[in-house]
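Everything on this sheet refers to the single structure shown next.
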Amino acid sequence: MASRYFDGLIRFTVVNADLSGLWRSYLDPRRGQVRADLLLSAIGHALRAQYPGFGRYVAVVNADGYVPGLNFVFGVAEGDYALVFTARLLGELLVTRILKEVIHEVGHTLGLGHCENPSCVMHFSNTLMDTDRKGPGFCPRCMVKVRRALIHPH
17 MASRYFDGLI
27 RFTVVNADLS
37 GLWRSYLDPR
47 RGQVRADLLL
57 SAIGHALRAQ
67 YPGFGRYVAV
77 VNADGYVPGL
87 NFVFGVAEGD
97 YALVFTARLL
107 GELLVTRILK
117 EVIHEVGHTL
127 GLGHCENPSC
137 VMHFSNTLMD
147 TDRKGPGFCP
157 RCMVKVRRAL
167 IHPH
């Protein structure tokens, strides 16, 4: 489903990796949230070891994530790894919201920053309404960056 938003330049393989024990290690009991930046590194290494040869890794975690300085995050990415947290995406639009956040975080793994276009998937989502308002696709400007990153990787 997500591949079509990358003009077929990227292929997704979905695996069901049980990472529940791992994310619980990064749970801040005071906040009831997972420290996203620390978990990202651990999950990235675990997925690369379990599934060598994959180019990018995105884990969808049924938890609420945060990073220092922010109350929560829908997702985080660094290098080839990304996480999407589902706790705040719940509701009848859950699948669409997860799709948008996965595409957004994969965009970050390709080197894209946040976009000023509120309908672009790379637009920063400060609220769930922001996520619902934007589409799952890239604006023309960001799509050029996606093509460049996938055709001419550094």
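Using this note's numbering, the letters of the sequence shown correspond one by one to residues 17 to 170. All C-beta atoms in this analysis are idealised placements derived from N, C-alpha and C, irrespective of residue type, glycine included. Given the structure is predicted, the values throughout are model-derived calculations rather than measurements.
Residue i to residue j span [Cα, whole Å]
i: Asp148; j: Phe154; result: 15 Å
i: Leu126; j: Leu109; result: 26 Å
i: Val74; j: Leu56; result: 9 Å
i: His130; j: Gln66; result: 30 Å
i: Thr112; j: Pro45; result: 29 Å
i: Phe70; j: Arg64; result: 7 Å
i: Leu54; j: Tyr42; result: 7 Å
i: Leu115; j: Ala79; result: 16 Å
i: Pro68; j: His61; result: 10 Å
i: Arg72; j: Leu166; result: 12 Å
i: Gly81; j: Val50; result: 5 Å
i: Glu151; j: Gly107; result: The question names Glu, yet the displayed sequence has Gly at residue 151. Between Gly151 and Gly107, the C-alpha separation is close to 17 Å.
i: His168; j: Arg47; result: 42 Å
i: Met145; j: Ser135; result: 12 Å
i: Glu132; j: Gly37; result: 37 Å
i: Phe90; j: Arg20; result: 22 Å
i: Phe22; j: Arg40; result: 32 Å
i: Glu117; j: Leu86; result: 17 Å
Environment of residue i [buried if 16+ CB atoms lie within 10 Å]
i: Leu105; result: buried
i: Ser141; result: buried
i: Leu99; result: buried
i: Gly123; result: buried
Nearest residue (CA-CA) to residue i, options the options
i: Ala93; options: Ile119, Gly37, Arg46 and Leu25; result: Ile119
i: Met159; options: Thr143, Met138, Leu144 and Met145; result: Met138
i: Phe88; options: Ala98, Thr143 and Leu38; result: Thr143
i: Pro84; options: Ala52, Pro68, Ile59 and Leu63; result: Ala52
i: Ala58; options: Gly48, Phe22, Asp96 and Leu128; result: Asp96
i: Ala103; options: Val77, Pro134 and Arg40; result: Val77
i: Lys161; options: Glu121, Leu128 and Met145; result: Leu128
Assumed close pair residue i, residue j - CB separation to whole angstroms, cut-off 8 Å
i: Leu25; j: Arg157; result: The pair is not a contact, with the Cβ atoms about 16 Å apart (cut-off 8 Å).
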